[in-house]
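Q:
There are 4 protein chains.
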Amino acid sequence: MIDVGIIGASGYTGGELLRFLKYHDNVNVIAATSRQYAGINVSKVHPHLRGENIKFKDIPAEKVDADLVFTATPHGASMDIVPELIERGIKVVDLSGDYRFDDIAVYEKWYGIEHSAPLDAVYGLPEVYREEIKKSKLVANPGCFPTGGILASLPLAKEKLIDAIILDSKSGVSGAGIKPTGATHYPNISDNIVPYAVTTHRHMPEIQQEVSKFGDVKVSFTPHLVPVIRGILTTAHAFLKEDVTSEHVKEIYDAFYESEPFVRVVDMDEIPRLSAVRGSNYCDIGCFQIDPNGRIIIVSAIDNLVKGASGQAIQNMNIMFGFDEKKSLDVTGLHP
Amino acid sequence: MIDVGIIGASGYTGGELLRFLKYHDNVNVIAATSRQYAGINVSKVHPHLRGENIKFKDIPAEKVDADLVFTATPHGASMDIVPELIERGIKVVDLSGDYRFDDIAVYEKWYGIEHSAPLDAVYGLPEVYREEIKKSKLVANPGCFPTGGILASLPLAKEKLIDAIILDSKSGVSGAGIKPTGATHYPNISDNIVPYAVTTHRHMPEIQQEVSKFGDVKVSFTPHLVPVIRGILTTAHAFLKEDVTSEHVKEIYDAFYESEPFVRVVDMDEIPRLSAVRGSNYCDIGCFQIDPNGRIIIVSAIDNLVKGASGQAIQNMNIMFGFDEKKSLDVTGLHP
Amino acid sequence: MIDVGIIGASGYTGGELLRFLKYHDNVNVIAATSRQYAGINVSKVHPHLRGENIKFKDIPAEKVDADLVFTATPHGASMDIVPELIERGIKVVDLSGDYRFDDIAVYEKWYGIEHSAPLDAVYGLPEVYREEIKKSKLVANPGCFPTGGILASLPLAKEKLIDAIILDSKSGVSGAGIKPTGATHYPNISDNIVPYAVTTHRHMPEIQQEVSKFGDVKVSFTPHLVPVIRGILTTAHAFLKEDVTSEHVKEIYDAFYESEPFVRVVDMDEIPRLSAVRGSNYCDIGCFQIDPNGRIIIVSAIDNLVKGASGQAIQNMNIMFGFDEKKSLDVTGLHP
Amino acid sequence: MIDVGIIGASGYTGGELLRFLKYHDNVNVIAATSRQYAGINVSKVHPHLRGENIKFKDIPAEKVDADLVFTATPHGASMDIVPELIERGIKVVDLSGDYRFDDIAVYEKWYGIEHSAPLDAVYGLPEVYREEIKKSKLVANPGCFPTGGILASLPLAKEKLIDAIILDSKSGVSGAGIKPTGATHYPNISDNIVPYAVTTHRHMPEIQQEVSKFGDVKVSFTPHLVPVIRGILTTAHAFLKEDVTSEHVKEIYDAFYESEPFVRVVDMDEIPRLSAVRGSNYCDIGCFQIDPNGRIIIVSAIDNLVKGASGQAIQNMNIMFGFDEKKSLDVTGLHP
């Protein structure tokens, strides 16, 4: 039994952490912090938690005494909190972008923030870094687009089948967070498909960093906001350098993800779909079709709040503490 | 040819006024005001107007010299503007609630605002007040819920067939305006149906005021926000005092709205639907079914931004200036 | 450990039964039948079950040897199957309407089907019939609208506070089943709100039957199809016979549902919402506001496929076999 | 004044043709045929046409005596009808794929249909073939994806800036037609994004045919069905062969479409959006951003039923008969 704190628990990722931890019998949630909602039951903000007996607390991170802390804080805010936690011997899974980059300069360029407190961290993609995560004190939980984008790209990169890949991603609106904006205003996004940050999204260098470790592949990335609550569907387009078959590529993916509990390579007669992963920690990958121009299409689907955020964070916690990796995460998607 | 100004043109009703006036060959739009967007082309806010050569102006109402002004200003703000316009001999169609009530005390109670400048105004529902509107200098354009709710209720009230009516209304999100709020945040309203202000909505006394003129009927009203961009569907439930048939009631409605250009009583084998009125100035009314308990159901459908706001405002303008009442409004709905 | 069969497992209710039973450690699913999909993995139809190792079988009900069978068969088909199962000593939870009515004549009138095989059955609403369900061999699982409608109405009926109630229900499209129709065609229901069977829905007499047992209340019911995947929100309108307060009515509901594991009476500052129950077996009830005309509004929210169908069926199974009533059903809603 | 017939008027494109022709004062609709709905008012199928006094007729094409016929018939059916119409001197705009291909072999390969009656036809994209359309007797109206895809690609191809282009298109569900299918079933497409026919869609060779006339560019195309009623947003990705700026590319597009009435190149600070073209005949094109890998993104937006089908068909008719090209088509989009 470990004590767990959540710093910044009033956002969507906080709500999802609480949802999964509720069923985790090795975990005791000792603090869910929020300045704005201090003293209020979490269910007033996260209505699916109706009946839970947890109140938001307005306490600073340095007053949280736990075995592990999830920092569900904004980019730029985590770096003010994490070092002190680590110093006190508390393990941390940070959901912000602050510790995802090997090269601080890349972070500073794309986030426009000076990094005040760099630390050694492991990039929390268990499919790649499981062994490192086991020993880590600080795990940088991957971004939502990177999770689906990297998992779709790695096997092609590793096998040197491509030089470049274009990730055309479609994200549900919960990815934009709990705070209303013009972009998330229902009349603006319902019945609409909105490309944004088409060449400038900061998840691009994150994907590039990880894909580069497997092969010399140039990553191009364009996200779209779509009228979906949860889920990211990524359509990856790449021109093959060799004349291979779809079946062969599928075998490569099957082998790459063979023992992964949360990556499912789907059959050739199916295509990943959001409802199959909605609410769950799965990443479904498939398609593998090749057109007459030698372009291959890989499609991945995740729930941006689960495998793209809080579910993966708990998966990382399970690995860090030697729990069963699927603990509390063994739930199906919600279809329809 | 008349000169027309729009005070507060950056909201949805402003965008709709501009859309219809673009095709009105008796009208010259001389000013579309907005403090926030002064100097910017209207199409930057209203993207459907792309190509229009109109810029928002930040000028006070008293500098607008026109034959008619639409005040698309918030409740409480119109009363600061309208008297001066009227004094200068400018006709006004006010889209706020400020001039809709016969009894100032009712306004002040339900809007929680002291009324600083009461004036004689005509309630701008042409189906009831056409003759008064012709001679009016100030028309109070009806609220969106009241338009559909009153039109659904009047014939029953007039024929003394009912003592009470329950209006269960479902409104598209554009009715909440162009400004993002928690209620309009996509993840909150998509895949959801949200009752709100269930007994306290200020459109309730407005509907009551008008229905009472036709019969002694108690009006109960509950609105819902629904995952729809445009449109209000109202399901009216009322217990009949007499044993009449659906066919008989339909005849009453047919007769009542016989010569109305924008009210369509639909056949018994159909039901009003939002796509039939989407983008148009029609109010469709139908159903007339009676259950074993003697409850009759009347359904009305409007586009909240058109017949429920800007379209009706232009209809009123047409009447006030002796133009063809359908001028620039003769467009079908958009289905699918 | 019991053996369970599902007859007609290829519909949405079949998919949901399989989803919950996957986590039920007292249950072994020995057959999921489907003529159309025989030999195919269930995940090809129910994509959220990807990874499950269950294939549809085309076997007749009489070849299913189990401790309990869920008959997820259409109205009129269950009566051909259920008697033989019961005769063989198999317990049955029937999800059709065939065994829900005390009076066969009512069934035959509203369903337009002659009932060939009436049997003693218990109406499977645990909040009312828990003790009877424990001893029952055949449980008639309630309809989706009746579940939310009855639970919203009972306390008012029992306390003799009303003579009549109007249920204005809004149902997600999954309630129409897995088979595409004109009504479920995306362009027809997206951005739309569709009243249907306004006075003739066969769930009306089912609700009336159960409410009548608690008080002399006339039930009027009108369903709407709404652009939502899952969920029924019912807005109940009733004129109070006595001058009571909202707080008093809430206390009545609190007391009535005090020990119910799956009914949550929500606080006065909240309103039931679909995302709080999505994917879960909860029925949330609240509102209790009273307007100046003495009309009270009660709002209930359920997931039509869970508390409105498969979740409740499993709740009934748990009761019939003495399992913990919450077994495999203890999951929160999915918000956002 | 010309007489116009519509063969196959009960689908969405038929409904849209009728919507626009209603306001066209040079056109008299003398027949709207439908076998299934013969004798029924068009508004029973196309509810936005409520009030129109036109009934579907079940007459064969050879009994239609008109100046122009729109054949809104399925692929493979047009070829049985069109030759006889042409022979009788009737001009034809065919909305099927039957006459879009220069090379019959390509048609036969991708449509899997033997072509029984090839004829000389002009590809009905006015931005390219206006002069030919003026003199044509048979115009093959472009497909919906090709319209947006070709218009987005041509200037890049003409300037030899690219060798290959990837079109990642997102289509609203009305593009799938009026007939319900599994793919259009609300619970399947709501909250979902569905790639389909990822390398095999028959609009691919159509786009390739037209783009090839402007440059040696390999076209790769993948469509997605998205939870939108109307509209296609195409995100085109291409690697530039030269080092050019976004501004330069925008100038190329500005020049290319300078005098086009229905193509709007949007400012660099905006992005094409579906609501700006919804219900209208515009194609909006923009973006022009270039990422560090030299990939340029071009985005186009159309209403699939208007510029992607019926609106363009009427634009072609206007050109064929020397009417003002914008006649009856001069309507804005519908936002929000």
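Chains as they are written, first to last, in our numbering: chain A, 1 to 336; chain B, 337 to 672; chain C, 673 to 1008; chain D, 1009 to 1344.
C-beta: ideal position from N, C-alpha, C; glycine also.
Since this is a predicted model, take the numbers as computed values, not measurements.
#1: Using only the alpha-carbon positions, how far apart do Pro83 (chain A) and Leu119 (chain A) sit?
#2: May I ask you to list the residues that DSSP assigns as paired with His625 (chain B)?
#3: Just the chain B side, please: which residues come within less than 7 Å of Tyr1020 (chain D) by C-beta, in chain order?
#4: How many whole angstroms separate the CB atoms of Tyr459 (chain B) and Glu546 (chain B), which I take to be in contact at a CB cut-off of 8 Å?
#5: Between Val778 (chain C) and chain D, is any beta-carbon pair separated by less than 9 Å?
#6: Please tell me whether Asp267 (chain A) has its Cβ less than 9 Å away from any Cβ of chain D.
#7: Give, in chain order, every residue of the region 1155-1182 of chain D whose Cβ lies closer than 9 Å to some Cβ of chain C.
#8: Work out the CA separation of Lys326 (chain A) and Pro261 (chain A) for me, nearest whole Å.
#9: Mind pulling the beta strand (DSSP E) runs of 3 or more residues that sit fully within the region 1034-1099 of chain D?
#10: What first and last residue would you give for the beta strand (DSSP E) that runs through His560 (chain B)?
#11: If I follow the unbroken beta strand (DSSP E) through Lys358 (chain B), where does it start and stop?
#12: Looking at the strands, I want to know which residues DSSP matches up with Ile1174 (chain D).
#13: Please classify Val1339 (chain D): does DSSP put it in a helix, a strand, or coil?
#14: Closer than 7 Å by C-beta to Arg273 (chain A): which residues in its own chain qualify, once you throw out the five before and the five after it? Chain order, please.
#15: Please identify the residue among B:Gln648, B:Gly513, B:Leu497 and B:Gly508 whose C-alpha is closest to the C-alpha of Asp552 (chain B).
#16: Taking the CB atoms as reference points, tell me whether Gly820 (chain C) and Gly951 (chain C) lie closer together than 9 Å.
#17: On the DSSP letters alone, give me the boundaries of the alpha helix (DSSP H) that Ala927 (chain C) sits inside.
#18: Glu587 (chain B) to Asp579 (chain B), Cα distance in whole Å?
#19: Would you please verify whether the beta carbon of Lys1187 (chain D) is less than 9 Å from any beta carbon of chain C?
#20: Leaving out five residues on either side along the sequence, give the residues of the same chain with a beta carbon under 7 Å from the beta carbon of Lys1226 (chain D).
#21: So, helix, strand or coil for Arg538 (chain B), using DSSP?
#22: At a Cβ threshold of 9 Å, is Val642 (chain B) touching chain C?
#23: Could you check whether the Cβ of Tyr522 (chain B) sits closer than 9 Å to any Cβ belonging to chain A?
#24: I want to verify the contact list: residues of chain A whose CB lies under 8 Å from the CB of Ile1298 (chain D), in sequence order.
#25: Quick one: is Arg230 (chain A) near chain D, going by C-beta distance under 9 Å?
#26: Please list the terminal residues of the continuous alpha helix (DSSP H) segment that includes Ile1197 (chain D).
#27: Would the beta-carbon of Gly5 (chain A) fall within 9 Å of that of His46 (chain A)?
#28: Counting contacts by CB-CB distance shorter than 9 Å, is Pro126 (chain A) in contact with chain C?
#29: To the nearest angstrom, how far is it from the Cα of Gly994 (chain C) to the Cα of Leu1001 (chain C)?
#30: Could you work out which residue in C:Gly958, C:His747, C:Met992 and C:Tyr858 is closest to Lys807 (chain C) when comparing CA atoms only?
#31: Got a sec: is the Cβ-Cβ distance from Lys391 (chain B) to anything in chain D below 9 Å?
#32: Taking the alpha helix (DSSP H) that Ala1284 (chain D) belongs to, which residues open and close that run?
#33: Using 10 angstroms around the beta-carbon of Thr200 (chain A), count the other beta-carbons present and answer buried if the total reaches 16, otherwise exposed.
#34: Which whole-angstrom value describes the C-beta separation of Ser1177 (chain D) and Ile1240 (chain D), a residue pair presumed to lie in contact below a C-beta threshold of 8 Å?
#35: By the DSSP assignment, the alpha helix (DSSP H) with Ala985 (chain C) in it spans what residues?
#36: Under a Cβ-count criterion, where at least 16 other Cβ atoms within 10 Å of its own Cβ denotes burial, should Lys91 (chain A) be classed as buried or exposed?
A: Reading off the structure:
#1: 8 Å
#2: For clarity, residue 625 (chain B) is Gln in the given sequence; the question names His instead. According to DSSP, Gln625 (chain B) bridges with B:Ile633.
#3: Pro672
#4: 7 Å
#5: no
#6: no
#7: Those residues of the region 1155-1182 of chain D placed with their C-beta closer than 9 Å to a C-beta in chain C are Gly1180, Val1181 and Ser1182, ordered along the chain.
#8: 7 Å
#9: 1035-1040 and 1076-1079
#10: Lys554 to Leu561
#11: Following the DSSP letters along the chain, one finds Lys358 (chain B) in no beta strand (DSSP E), marked with neither H nor E.
#12: D:Ser1228 and D:His1245
#13: coil
#14: Ala301
#15: B:Leu497
#16: no
#17: Going by DSSP, Ala927 (chain C) is part of the alpha helix (DSSP H) stretching over Ser918 to Phe928.
#18: 15 Å
#19: yes
#20: Asp1171 and Ala1172
#21: Coil, per DSSP.
#22: With 9 Å as the cut-off, Val642 (chain B) does not count as an interface residue toward chain C.
#23: yes
#24: Thr199
#25: yes
#26: Counting along the chain, the alpha helix (DSSP H) containing Ile1197 (chain D) begins and ends at Tyr1194 to Ile1197.
#27: no
#28: Cβ-Cβ to chain C under 9 Å: no for Pro126 (chain A).
#29: 15 Å
#30: C:Met992
#31: no
#32: Its alpha helix (DSSP H) spans residues Leu1282 to Val1285.
#33: exposed
#34: 6 Å
#35: Gly983 to Met992
#36: Buried, since its Cβ has 16 or more Cβ neighbours within 10 Å.
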